[in-house]
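Counting in our numbering, the sequence shown runs from 180 upward without gaps. Idealized CB from N, CA, C, for every residue including glycine. See structure below.
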Amino acid sequence: MLRSEKEKDPERYFGRKPKYCLSLVAVTHYRITGTVATVSCVLRRQASADSLQDVGQLISDFLGPDPNLSLSEACAFRSLPLLNWIWRVSCESTASRTSQWTLNNYLRSDPKYYQWQFQKAAIVAASNGHLDVLKWLFEHFSGCWTPVMVPEAAAKNGDVAMLQFLLQHDAGRAFKYKRVEIPLESATSFETRPQLQKNWKGPGNVVYWGGRCIAFAMRGNNFEAAKWIYQYSPHSYSGEDIMLMIQWALTAGNFELAEVFLPRGRKLLGFAVGCPHLDVLKMVIEAGILRFDEAGAAETVELLVPHGRLVFSSSTHLLDLGEMGT
180 MLRSEKEKDP ERYFGRKPKY CLSLVAVTHY RITGTVATVS CVLRRQASAD
230 SLQDVGQLIS DFLGPDPNLS LSEACAFRSL PLLNWIWRVS CESTASRTSQ
280 WTLNNYLRSD PKYYQWQFQK AAIVAASNGH LDVLKWLFEH FSGCWTPVMV
330 PEAAAKNGDV AMLQFLLQHD AGRAFKYKRV EIPLESATSF ETRPQLQKNW
380 KGPGNVVYWG GRCIAFAMRG NNFEAAKWIY QYSPHSYSGE DIMLMIQWAL
430 TAGNFELAEV FLPRGRKLLG FAVGCPHLDV LKMVIEAGIL RFDEAGAAET
480 VELLVPHGRL VFSSSTHLLD LGEMGT
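This is the structure in structure tokens:
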């Protein structure tokens, strides 16, 4: 399609990449580590090198980042000079766009592409655990919303420092929050989002919280991250959420975290029946709460078997007799 037709509707092409895009990414990386360094090396060999300090940047900008390299793809390299280069050569308005087809024409001049690239880039940075890249994004972008996948990725990695950064730089804290139901493939998730003014454009960027942050943290045994999210993020949890979180903690044998989640006036024993962790099974048996719960007692016996425990059972007692002899 002709360039003029692309410019009429560039948004149709934002999600499209040529088949050779991956090789172009590799070539761009080579340019950052090779060509630009070569330009600097050549200039240093000139007699008037001191007076040519700005020429290197001009030549580099002339060479330019690859026109098909998006900012979000560049984030994977974790090169702040590369990100600065792309940002510097990106057009700030439609009037300043170049005649050549390049994504840099739209990064800073098209609001939708600007927002979309921030979101994708933030997900890349969080997924890779690159806090320095995420900081760069928050310093250069404004008026954007950070999808819940970003704190979810940080939670999955157990990256408390990144979670703290997101909270500290969440412009949404100045607004009231609302709970939004998000349908997933096999379940329903809830997010906490700020109620922004209609034409809000910053300053700063907002962060969506909730989702599956704690679930991802617990799944990876990142208990400190799960504890931090529960105590400090603005997301509120339902009674069913709390019950599941306590059961996850008990299943992992983390009594301390389960106590953090425990509602005031409740006891862990109320959530412990059916938990397969041996220490929890011992607690349940020793408490004697299964004397009048035949179904719970039968389930506990079944859960003890994989641990190699011998259980004495009667109509009124359930007793763990220790490890089975061989």
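Check	Outcome
Sufficient close CB pairs (3 or more, under 8 angstroms) joining the stretch 314–332 to the stretch 382–390	yes
Where residue 329 falls, given that 16 or more other Cβ within 10 Å makes a residue buried	buried
Identity of the residues DSSP links to residue 389 by a beta bridge	370
Chain-order list of residues whose beta-carbon lies under 6 angstroms from that of residue 508 (same chain, five-residue window excluded)	With the chain covering only 180 through 505, there is no way to say anything about residue 508.
Sub-8 angstroms separation of residue 433 and residue 402 beta-carbons	yes
Residue 406 versus residue 266: straight-line alpha-carbon distance, rounded	37 angstroms
Residues near residue 312 by beta carbon distance below 7 angstroms, same chain, minus five either side	254, 257 and 304
3 or more residues per run - each beta strand (DSSP E) lying fully within the stretch 319–371	356–362
Cβ pair residue 431, residue 337 closer than 8 angstroms	no
7 angstroms CB neighbourhood of residue 368 in its chain, flanking five on each side removed	361, 390 and 391
Residue 213 (DSSP reduced to helix, strand or coil)	Low per-residue confidence applies at residue 213: pLDDT is 38, beneath 50, and the placement is therefore not dependable, though the value from the model is reported in the following sentence. Reduced to three states, the DSSP call for residue 213 is helix.
C-alpha distance - residue 333 paired with residue 299, whole-angstrom precision	14 angstroms
Coarse secondary structure for residue 384, derived from DSSP in three states	strand
Expected contact under 8 angstroms - CB spacing of residue 246 and residue 280 to nearest Å	6 angstroms
Status (buried if at least 16 other CB within 10 Å, exposed otherwise) for residue 272	exposed
Buried versus exposed, by CB contacts within 10 Å (16 or more), residue 269	buried
Simplified DSSP assignment, three categories, for residue 431	coil
N- and C-terminal bounds of the alpha helix (DSSP H) containing residue 292	290–307
Whole-number beta carbon distance between residue 282 and residue 293, since they are thought to touch under 8 angstroms	Wrong, their Cβ atoms sit about 11 angstroms apart, outside the cutoff.
DSSP-derived helix/strand/coil call for residue 377	coil
DSSP state of residue 168 mapped onto helix, strand, coil	An answer regarding residue 168 cannot be provided, because it is not within the stretch 180 to 505 covered by the chain.
Contact belief for residue 395 with residue 335 at Cβ below 8 angstroms, rounded distance in angstroms	4 angstroms
Which of helix, strand or coil DSSP assigns to residue 446	coil
Between the CA atoms of residue 410 and residue 374 - distance to the nearest angstrom	22 angstroms
Close-in-space but distant-in-sequence residues of the same chain around residue 244 (CB under 8 angstroms, 5 per side omitted)	207, 210, 253, 261, 264, 265, 268 and 283
Local Cβ density within 10 Å of residue 445, reported as buried at 16 or more and exposed below that	exposed
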